[in-house]
Amino acid sequence: MIFSSRQFVVDAGAGHVAGAVFSSGPAGKLVLEEFALETRSSDPSLEPGWMESTARALAAVAGRRKWRGPAALAVPGHLTLTKFVKTPAVPPAKRRQVIQFEAAQAIPYPLEAVAWDHLIVPGDDRELELMFTAVKRDVMENLCATAATVGFPVKRAAASCLALYRAFGCNYPDVTGPVLVVDIGARSTNLVLAGPGGRFFARTFSLAGNALTAAVAEELKLDFARAEELKLHVLSEPPDLAENTAERSAVQRAMGDFIGRLQLEIMRTVGNFSLRTGAEKPVVMYLTGGGALIPGLGAALAKKFTVPVERYDPFRNVELSSSARAAGAASAAHVLANLVGLAVSTEMQTGTEDGLLPPVVRAARAFRRRQPWLLGAATLLALALLPPLGHFHRLAMAEEGRARELRAQLEPMRATADRNAANLRRIDALRKEASALRAVLDARTNWIRFLADLQDRLGKIEDVWLDQLSVVPPAPTARPGGAPDPAEATGVWRLRLSGRLLAVGNPAVKVSADSYARVKPLLAGFAGSPFIAAVEHERFDHAQPGLLRFDVTLAVNPQHPL
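Numbering of the sequence shown is given in this note's numbering, commencing with residue 9 and proceeding in unit increments.
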């Protein structure tokens, strides 16, 4: 056996929570340094609150001893599924695939829904015997989270039957013949058959202390708590109940029925083991657990199976410290088997180091184990980057110095460029101002020139004059609200002319075609003026004898504005 230097272990049973600290003593012997036990009700009706009850019991154990730190955890039998499977031997390279396949066949749940582990049972070279243990994943995650909240992050989890087998190997290394270890708990019983050559078989069933209590409660029409109290009175040494009472008789009958049913389960287990291994029946039987205190149990089993029946001694190869002895470890021997088994590390081939831990907890533990390496790698990386960082820092400082020099040299040039830009802006403003003044000046002279041109054209026609000359501005742009905005007017300015032509040759009658022939060239000639872009909307009125009235609109040329 190989023991770690110091281990903290927890057994979360149905009716108790026990914690212990083990260390390696002289010559590698296991030493129980500290011990704490917290009992609780195993009433099946309280099952919905079992996880909360476990949390309270763990907190009480931790508070009593001020314990904190990673712990190994024994999972109670009533939460654990155990299966043994045989398969033809395969090379180690293919073993992992075979184990995965056999687990999927043996465990009656999807593997994604359970936390499971395996153990390779020693045997011959022709067959590979596997022990599978499984717990529902949500239950295991809740159990690990509960332990972590009180300061016990679970580093490894194992089925209680496997812990019992390892504890037996630790305390009875000299016993080689087929033996049977019976651990009777509150809600489940573990049977472990250990044969020669390291071969073993384990089985867990629900016939346990609660079955005896339920029988008493049913016969006496009591609730579970009162029936449990009566059972404990009878199991105490000496019994607290007087003889020939109905209560004591009911408990004794229940114990007799329980012993008979337990014998049948043991016979089934021994027969199964003999068929699997060809081993002979056990040569000795060991009892442990709270149910092992039932009066007459050992004698009845010895008589039935004709083998010696002994009380399992968890301290046969384990030393007790004074602190653990003062904490009552000697009187709590019936709950110590699993704790010893958790503290033992064997050379048997296991599936994983973490046992029944669910994937989320395994991932968190793997990350925590890698943290020192990651921190070391980060430190080395940082140290490796220091020389190039220093080099580049020096280069950056040199470049910064050169940049400052260039900025100092550029400062006068930048001031000159700013002055030039300001001068260019002033020149541009003056140019725009001169252009505006030029436009005003041109507009003033353009009117004179236009009117002179107009007078010249009218003089060439003769007998024609203007009655009206008006300026028509462009239409204003509409605002977003719909009203026109005069300031935003764009487009072409127009002149509206109204005038008359006198028919000198025949002033008493209506104008003739000759009058039209004189006016048409006049109006057409306006289009040839440099100040006019187009002639629009010509209209004539000959209603008055001897006079031809005309109206016309002239579009002003934008190149020669008026």
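Think of the CB as a built atom: it goes at the ideal place given N, C-alpha and C, for glycine as much as any other residue. This structure is a prediction, so every number in the text was calculated from the model and none was measured.
Contact check, residue i vs residue j, beta carbons under 7 Å
i: H86; j: I107; result: no
i: A123; j: P366; result: yes
i: L462; j: R508; result: no
i: V242; j: R256; result: yes
i: F16; j: A79; result: yes
i: F43; j: A335; result: yes
i: G298; j: G217; result: yes
i: S329; j: E41; result: yes
i: V165; j: L364; result: According to the sequence shown, residue 165 is Ala rather than Val. Yes, the Cβ-Cβ distance between A165 and L364 is below 7 Å.
i: N500; j: L531; result: The residue asked about is misnamed: residue 500 is Val in this sequence, not Asn. Not closer than 7 Å, so no.
i: V343; j: H24; result: yes
i: L215; j: R269; result: yes
i: A6; j: T221; result: It is not possible to answer for residue 6, since the shown part of the chain is limited to 9 through 570.
i: V224; j: V259; result: yes
i: E110; j: T90; result: no
i: F281; j: F209; result: yes
i: L562; j: L503; result: yes
i: F534; j: H568; result: no
i: R145; j: A121; result: yes
i: D549; j: V512; result: no
i: A142; j: A82; result: no
i: T62; j: A28; result: no
i: A101; j: R134; result: no
i: V352; j: R174; result: yes
i: L305; j: I274; result: no
i: R526; j: I469; result: yes
i: V147; j: A70; result: no
i: E327; j: G33; result: yes
i: T285; j: Y320; result: no
i: K312; j: Q271; result: yes
i: N198; j: T212; result: yes
i: L570; j: W473; result: no
Endpoints, the alpha helix (DSSP H) within which residue i is located
i: I267; result: 254-285
i: T62; result: 58-73
i: I107; result: 100-114
i: G217; result: 217-228
i: R207; result: Where R207 is concerned, there is no enclosing alpha helix (DSSP H), given that its DSSP letter is neither H nor E.
i: R526; result: 521-534
i: G349; result: 345-351
i: L309; result: 305-313
Where the beta strand (DSSP E) containing residue i begins and where it ends
i: V17; result: 14-20
i: N565; result: That residue, N565, is in no beta strand (DSSP E); it is neither H nor E in DSSP.
i: T90; result: 89-96
i: L164; result: According to the sequence shown, residue 164 is Arg rather than Leu. It spans 162-167 - the beta strand (DSSP E) in which R164 sits, taken as one unbroken run.
i: T47; result: 38-47
i: Y294; result: 292-296
i: L243; result: Note, L243: premise wrong, no beta strand (DSSP E); alpha helix (DSSP H) at 232-243.
i: E149; result: Looking at the DSSP string, E149 is not in any beta strand (DSSP E); the run it does join, the alpha helix (DSSP H), is 145-157.
i: S50; result: Careful: S50 lies outside any beta strand (DSSP E) and carries neither H nor E.
i: L188; result: 187-192
i: A337; result: Looking at the DSSP string, A337 is not in any beta strand (DSSP E), and its letter there is neither H nor E.
i: A123; result: 122-129
i: G77; result: Note, G77: premise wrong, no beta strand (DSSP E); not H, not E.
i: F323; result: No beta strand (DSSP E) holds F323; DSSP gives it neither H nor E.
i: E546; result: 540-549
i: H24; result: 24-32
Cβ separation of residue i and residue j, assumed to be a contact under 8 Å, to the nearest whole Å
i: A345; j: D182; result: A345 to D182, Cβ: 18 Å. No contact.
i: A195; j: S50; result: It is Arg, not Ala, that sits at residue 195 in the sequence shown. Contact flag correct, Cβ pair sits at about 6 Å.
i: P130; j: R207; result: 6 Å
i: L347; j: A26; result: 6 Å
i: A65; j: V93; result: Actually they are not in contact, since the Cβ atoms of A65 and V93 sit about 35 Å apart, beyond 8 Å.
i: I128; j: L119; result: Actually they do not touch by this definition, with Cβ atoms about 18 Å apart.
i: P553; j: K518; result: 6 Å
Residue i beta carbon near the ligand FAD (any heavy atom closer than 6 Å)
i: R465; result: What this structure holds is no ligand at all, so the ligand FAD is not there to describe.
If you pair each beta-carbon of the region 273-291 with each one of the region 188-207, do three or more pairs fall below 8 Å?
yes
Taking one C-beta from the region 148-155 and one from the region 172-181 each time, how about it: are there three or more such pairs within less than 8 Å?
no
If you pair each beta-carbon of the region 435-443 with each one of the region 461-479, do three or more pairs fall below 8 Å?
no
Mind pulling the beta strand (DSSP E) runs of 3 or more residues that sit fully within the region 422-509?
472-480
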